[in-house]
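Numbering (full-length UniProt numbering), first residue to last: 1 to 531. Quick reminder that beta carbons are idealized off the backbone N, C-alpha and C, glycines included. Reading through the structure tokens given below for one structure.
See below:
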């Protein structure tokens with residue numbers, strides 16, 4: 001499952017907020033903007049808001065998610081972003097909305113006024129059902145359910161496919177040799193456009209200076225032109241990077257062409273390719289490819305789930321597909337692309353599946369599945385013998401046949417308090433400890449008794465965060481008692497740094513005489529009593 005917190009902009013959101021995200025997209029020149037859709041089809045945005053690309057009605061940035069009420073309840077099926085940025089969003093009903101940068105009429109409303117909030121794009125699209133959208137740097141495309149392609153916006157290189165280089169202020173059907181074809185997919189490079197039709201043919205138009213149209217030359221195309229080099233192949237998926245393109249056939253073969261300055265074609269060198277070349281020929285069948293116009297990064301996923309990346313990866317030029325530890329192509333862009341945008345509208349897999357760790361956490365203190373309970377201060381804690389034996393050497397020894405406890409269904413605990421013992425058992429299920437510093441002292445005692453070194457370190461960390469003038473000497477005493485050297489050094493330094501205040505606390509005068517003498521001697525060696 002994809003973790004959206006791999007994109008830094010989502011890292012401020014809590015688990016509850018993240019759990020309701022159904023779809024998400026990170027975009028912007030520095031990956032500083034994001035849009036996401038919740039399970040109940042509410043649309044939220046956050047980030048820098050360059051060119052009003054958040055659609056909130058103002059130009060204010062926001063670190064806290066804001067809801068776009070205008071899009072409330074509309075089921076989003078496709079979303080894309082430009083470099084301005086401008087945003088295109090298609091709904092399940094086939095409606096198309098646009099907002100953000102509009103310097104080249106890429107919002108399709110006939111003006112060049114900035115779009116501060118989502119507006120329905122209706123010119124030439126009335127009674128049309130839009131199923132997919134794609135954005136180049138400053139041009140836009142839409143695909144309808146009948147296989148028609150519409151384009152508009154910046155057209156300096158013919159990327160709108162109108163036959164001229166005049167900007168196109170409203171959606172216009174891309175015809176020419178697509179007139180009688182049924183398109184099934186569309187993508188944009190920065191200033192180029194590609195479409196796949198239902199028989200697997202690929203057509204390209206727009207800027208071709210790096211060979212990104214795959215036509216065997218580097219001349220721009222003002223109208224769609226078929227990629228003859230892919231003749232006889234049935235292309236299933238196509239993606240475009242900043243100035244390169246990738247195509248995946250129905251047989252799982254991968255072809256690449258266009259710019260190769262960063263090795264984004266995966267050919268093993270950095271020479272541009274004017275025609276498609278097959279790559280990853282020695283690998284197993286490819287099932288998914290990934291690229292986006294904002295980056296020079298490429299990725300692919302194989303049938304067995306292996307994910308490869310190449311091109312510009314964190315500033316490095318990776319000229320051959322490199323096997324990663326990722327489980328999805330999206331993670332490549334979150335961790336290695338520059339900027340770390342998303343290459344598509346990301347769909348989250350919110351199903352009922354729980355990992356092993358999540359399942360264990362859920363079953364802690366569950367009387368329905370437990371086969372053992374501890375009684376502490378008259379309260380029961382429900383656990384599973386197998387988990388305790390796997391996680392803790394103390395319990396592994398306890399549940400041997402020659403220990404009385406092995407036969408018991410209830411084990412009485414008298415030497416530790418309920419909060420302390422419950423935290424210890426919960427730690428065995430979760431690897432986490434949530435206790436106030438005062439109780440962490442008792443847990444430190446337990447961890448020392450049970451030889452749980454990691455738990456001991458966690459307790460010391462909690463105690464350090466909770467140290468005050470009032471409790472410093474008590475904590476120092478505990479650290480000495482439980483042989484916690486790191487904590488002892490920390491508490492000692494705190495006491496010396498606040499010596500006047502600490503010596504006036506009740507804890508200081510209640511301390512053991514030997515410890516007090518040791519502290520005074522040690523503090524004097526540090527120069528604590530110098531005038």
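Item to check | Selected residue, minimal CA-CA separation from residue 254, among 106, 69 and 283 | outcome: 283
Item to check | Which of helix, strand or coil DSSP assigns to residue 141 | outcome: strand
Item to check | Per-residue burial, residue 171 [other beta carbons within 10 Å of its own, 16 or more giving buried] | outcome: buried
Next on the checklist: Only counting the same chain, and skipping five residues up and downstream in sequence, which positions put a Cβ closer than 6 angstroms to that of residue 176?
Outcome noted: 223 and 224
Checklist entry - Near residue 345, which residues of its chain fall below 7 angstroms by C-beta distance, leaving aside the five closest residues on each side in sequence? => result 23, 25, 78 and 79
Checklist entry - Just to check, is the beta-carbon of residue 185 closer than 6 angstroms to a non-hydrogen atom of the ligand HEM? => result With respect to small molecules bound, the structure shown includes none, and the ligand HEM cannot be examined in it.
Item to check | Contact between the region 358 to 373 and the region 428 to 444 (3+ Cβ pairs under 8 angstroms) | outcome: yes
Checklist entry - If you check the beta carbons only, do residue 383 and residue 372 fall under 7 angstroms apart? => result yes
Checklist entry - Among 189, 517, 523 and 513, which residue has its Cα nearest to the Cα of residue 498? => result 523
Next on the checklist: Please report the straight-line C-alpha distance between residue 5 and residue 11, rounded to a whole angstrom.
Outcome noted: 5 angstroms
Next on the checklist: Given this structure, state the Cα-to-Cα distance separating residue 286 from residue 305, to the nearest angstrom.
Outcome noted: 9 angstroms
Checklist entry - Opposite residue 288 in the DSSP bridges: which residues? => result 301
Next on the checklist: So, with DSSP's three-state summary, where would you put residue 325?
Outcome noted: coil
Next on the checklist: Let's see if you can read the secondary structure: which residues bound the alpha helix (DSSP H) around residue 529?
Outcome noted: Per DSSP, residue 529 belongs to no alpha helix (DSSP H) and is neither H nor E.
Next on the checklist: Taking 7 angstroms as the threshold (C-beta atoms), are residue 232 and residue 212 in contact?
Outcome noted: no
Item to check | Whole-angstrom distance between residue 142 and residue 208, CA atom to CA atom | outcome: 21 angstroms
Next on the checklist: Which residue wins for smallest C-alpha separation from residue 278, given the options 56, 298, 290 and 247?
Outcome noted: 247
Checklist entry - Are residue 168 and residue 174 close, meaning C-beta to C-beta below 7 angstroms? => result no
Checklist entry - Hey, how far is the Cα of residue 236 from the Cα of residue 45? => result 32 angstroms
Checklist entry - What's the call for residue 343, buried or exposed, on a 16-neighbour Cβ count within 10 Å? => result buried
Checklist entry - Short check: CB of residue 210 to CB of residue 166, under 7 angstroms? => result no
Checklist entry - So what does DSSP say about residue 437, is it helix, strand or coil? => result helix
Checklist entry - Which residues does DSSP pair with residue 79 in a beta bridge? => result 89
Next on the checklist: For the region 194 to 201 against the region 259 to 277, do three or more pairs of beta-carbon atoms, one drawn from each stretch, fall closer than 8 angstroms, so that the two count as touching?
Outcome noted: no
Next on the checklist: Is the separation between the beta-carbon of residue 163 and that of residue 221 shorter than 7 angstroms?
Outcome noted: no
Item to check | Cβ shell of residue 444 (< 6 angstroms), same chain only, five flanking positions each side left out | outcome: 459 and 482
Checklist entry - For residue 192, which of 43, 493 and 241 has the nearest alpha-carbon? => result 241
Item to check | alpha helix (DSSP H) runs wholly inside the UniProt repeat "RCC1" (147 to 199), at least 4 long, in chain order | outcome: none
Checklist entry - Nearest to residue 435 by alpha carbon, out of 47, 448 and 420? => result 420
Next on the checklist: Determine whether the beta carbon atoms of residue 469 and residue 489 lie at a separation below 7 angstroms.
Outcome noted: no
Checklist entry - Three-state secondary structure (DSSP) at residue 459? => result helix
Next on the checklist: If distances are taken between C-alpha atoms only, which option among 395, 446 and 441 comes closest to residue 464?
Outcome noted: 441
Item to check | C-alpha gap between residue 178 and residue 62, whole angstroms | outcome: 43 angstroms
Checklist entry - Going by the CB atoms, is the gap between residue 28 and residue 116 shorter than 7 angstroms? => result no
Next on the checklist: Does residue 205 come out as helix, strand or coil in the three-state DSSP assignment?
Outcome noted: strand
Next on the checklist: As an exercise, report each continuous alpha helix (DSSP H) stretch of at least 4 residues that is fully enclosed by the UniProt repeat "RCC1" (200 to 251), in chain order.
Outcome noted: none
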